[in-house]
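Below is one structure; the comments refer to it alone.
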Amino acid sequence: MSELTVTAQELDAKDELAAKRAEFVLDDGGVYLDGNSLGALPAVVPEAVADVVRRQWGELRIRSWEESGWWTAPERIGDRIAPLIGAGPGQVVVGDSTSVNVFKALVAARRMAGAGRDEIVVDATTFPTDGYIAESAARMTGCTVVPVRPSEIAGALSARTAAVLLNHVDYRSGRLHDLPALTSAIHAAGALAVWDLCHSAGALPVGLDEHGVDLAVGCTYKYLNGGPGSPAYLYVRRNLQGEFDSPLPGWNSHAEPFGMSPSYEPARDVVRGRVGTPDILSMLALEAALGVWEGVSVEAVRAKSLALTDFFLACVEEYVPEGRVECVTPRDHAERGSQIALRCDDAGDVMKRLVERGVVGDFRYPDVLRFGFTPLYLGFADVERAARELRLALK
Numbered sequence: 019m020s021e022l023t024v025t026a027q028e029l030d031a032k033d034e035l036a037a038k039r040a041e042f043v044l045d046d047g048g049v050y051l052d053g054n055s056l057g058a059l060p061a062v063v064p065e066a067v068a069d070v071v072r073r074q075w076g077e078l079r080i081r082s083w084e085e086s087g088w089w090t091a092p093e094r095i096g097d098r099i100a101p102l103i104g105a106g107p108g109q110v111v112v113g114d115s116t117s118v119n120v121f122k123a124l125v126a127a128r129r130m131a132g133a134g135r136d137e138i139v140v141d142a143t144t145f146p147t148d149g150y151i152a153e154s155a156a157r158m159t160g161c162t163v164v165p166v167r168p169s170e171i172a173g174a175l176s177a178r179t180a181a182v183l184l185n186h187v188d189y190r191s192g193r194l195h196d197l198p199a200l201t202s203a204i205h206a207a208g209a210l211a212v213w214d215l216c217h218s219a220g221a222l223p224v225g226l227d228e229h230g231v232d233l234a235v236g237c238t239y240k241y242l243n244g245g246p247g248s249p250a251y252l253y254v255r256r257n258l259q260g261e262f263d264s265p266l267p268g269w270n271s272h273a274e275p276f277g278m279s280p281s282y283e284p285a286r287d288v289v290r291g292r293v294g295t296p297d298i299l300s301m302l303a304l305e306a307a308l309g310v311w312e313g314v315s316v317e318a319v320r321a322k323s324l325a326l327t328d329f330f331l332a333c334v335e336e337y338v339p340e341g342r343v344e345c346v347t348p349r350d351h352a353e354r355g356s357q358i359a360l361r362c363d364d365a366g367d368v369m370k371r372l373v374e375r376g377v378v379g380d381f382r383y384p385d386v387l388r389f390g391f392t393p394l395y396l397g398f399a400d401v402e403r404a405a406r407e408l409r410l411a412l413k
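Count along the sequence shown from 1, then add 18; that gives the number in the numbering used here.
Rendered as structure tokens:
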């Protein structure tokens, strides 16, 4: 038994979140390091979904919009997500995809920015869809898209900047960007800050209210474990809700949705972020999944995340021949999300071999091995084993 194997056992024995593992459906014969793409299944979800299908839909049918709380689910579930991203109640609404919510947020931000502001600054390293959506929103609102690396944002801002769209954590490298400082710089330029939280919500503190973020979006199928295709969410800061002018004014966001008026009057609060009929099956699966967060603080999750990623890097350095892989994720805790990205020339083939050995991460073109660390169900022994198997897969 190696020294690192013993260390892993000692760390697991001290892990305050270890009991949470039992709340997930996991293959104990493998190591799942892809929760930053799709979180594991919380054990309560199958029964909860069965109740939605058999009783709420099968027996109550249309009555469930009121009696089962279907109609208020987008705001109710939004309030459950809110503490995980540092938001007070009444500012998060759940529904649609991340892409659709990015579009709503950017167009609304441009409309709120006022005359003369005709540029939308975007993270040049962003997930491709965010860039595509930004281009479309710019065409629609008469703006120009300005792609800039997050480290160069301050120099790109001007009196023409309407909004800035940034990723809190870079999806390839796992780099954590400085949300407080960047938001402050954006506000100093008179623009609005729109943050994509897909790779940070449920993995680390965000602090939307504390740092005055204007708008934010995120998915729920990664660290929030909502399931494949689970609905995304939209955050609208409370004092902006009266100005939030959605480009998708659906009947669900109307002040009187059942009045069936031919003219549109938006709701007065975060309900403005809704569009059409909610996706009830996936939404209520998400609501059940969020139960795993009961009694858990995001700060505790962050502390374990950093410990797991530190330990993984130590194991890789011990087990993997020097020079075989290069870590592209920052070592500095202040700049690291909850993943580790390793670069090697044959990354695609290495990941295939690693998966065959029971360790599931993912490959990002052209040369990145990406490993996501979900503290609610990962232990230090998992991490040590993953590094050992990586050594064999690299051969």
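Where a beta carbon is used, it is the ideal one built from N, C-alpha and C, also for glycine.
Return the residue from the list 388, 247, 303 that minimises the CA-CA distance to residue 70. Checking every option, the nearest Cα to that of residue 70 belongs to 303.
From residue 273 to residue 186, what distance separates their C-alpha atoms? The straight-line gap from Cα to Cα measures roughly 33 Å.
Less than 7 Å between C-beta atoms, sequence neighbours within five positions excluded: which residues of the same chain meet that for residue 216? Counting only Cβ-Cβ distances below 7 Å, and skipping sequence neighbours, we find 116, 236, 237, 240.
Under a Cβ-count criterion, where at least 16 other Cβ atoms within 10 Å of its own Cβ denotes burial, should residue 24 be classed as buried or exposed? Flag for residue 24 reads exposed.
Using beta-carbon positions only, say whether residue 43 and residue 377 come within less than 9 Å of one another. Contact flag unset, no.
Where do the N-terminal and C-terminal ends of the beta strand (DSSP E) with residue 119 fall, by residue? Per DSSP, residue 119 belongs to no beta strand (DSSP E); it is in the alpha helix (DSSP H), 116–131.
Please state whether DSSP places residue 311 in a helix, a strand or coil. In the structure shown, residue 311 adopts helical secondary structure according to DSSP, grouped into three states.
Given residue 298, which residues of its chain have a CB within under 6 Å of its CB, disregarding the five upstream and five downstream residues? 88.
So, under 8 Å CB-CB, residue 26 and residue 399 are touching, yes? Tell me the CB distance rounded to an integer number of Å. Going by Cβ atoms, the distance from residue 26 to residue 399 rounds to 5 Å, so yes, they are a contact pair.
Proximity to residue 131 [Cα-Cα], best of 198, 208, 154: The residue among 198, 208, 154 with its C-alpha nearest the C-alpha of residue 131 is 208.
Cβ-based burial, residue 151 [other Cβ within 10 Å; buried from 16]: Buried is the label assigned to residue 151, since at least 16 other Cβ atoms lie within 10 Å of its Cβ.
Between which two residues does the alpha helix (DSSP H) carrying residue 69 extend? Counted as a single uninterrupted DSSP element, the alpha helix (DSSP H) harbouring residue 69 occupies residues 63–69.
Between the CA atoms of residue 246 and residue 53 - distance to the nearest angstrom: For residue 53 and residue 246, the distance between alpha carbons rounds to 11 Å.
Bridge partners for residue 267 per DSSP, in chain order? Beta-bridge pairing links residue 267 to no other residue.
Assuming contact is defined by CB atoms lying nearer than 9 Å, are residue 291 and residue 262 in contact in what I supplied? For the 9 Å CB-CB criterion, residue 291 and residue 262 form a contact.
Nonlocal neighbours in the same chain, by C-beta distance under 7 Å from residue 318, ignoring five residues either side: Contacts found: 34, 35.
Work out the CA separation of residue 381 and residue 19 for me, nearest whole Å. Using only the alpha carbons, I get a separation of about 30 Å.
Do you know whose CA, among 73, 91, 51, lies nearest residue 300's CA? For the options 73, 91, 51, the alpha carbon positioned closest to that of residue 300 is the one of 91.
Quick one: give me the first and last residue of the alpha helix (DSSP H) that residue 400 is part of. For residue 400, the enclosing alpha helix (DSSP H) has its first and last residue at 398–412.
By the 10 Å Cβ neighbour count, where 16 or more other Cβ atoms means buried, how is residue 80 classified, buried or exposed? Under a 10 Å Cβ-count criterion, residue 80 is classified as exposed, with fewer than 16 other Cβ atoms of the shown protein chains found around its own Cβ.
Using a Cβ-Cβ cutoff of less than 8 Å, which residues in the same chain neighbour residue 271 once the five nearest sequence positions on both sides are dropped? Hits under 8 Å: 264, 284, 285, 289, 290, 291, 292, 293.
Leaving out five residues before and five after residue 256 in sequence, what residues of the same chain have Cβ atoms less than 6 Å from its Cβ? Short of 6 Å from the beta carbon of residue 256, and not among the five residues preceding or following it, lie these beta carbons of its own chain, in chain order: 109.
Residue interval of the alpha helix (DSSP H) (run including residue 28): For residue 28, the enclosing alpha helix (DSSP H) begins and ends at 21–31.
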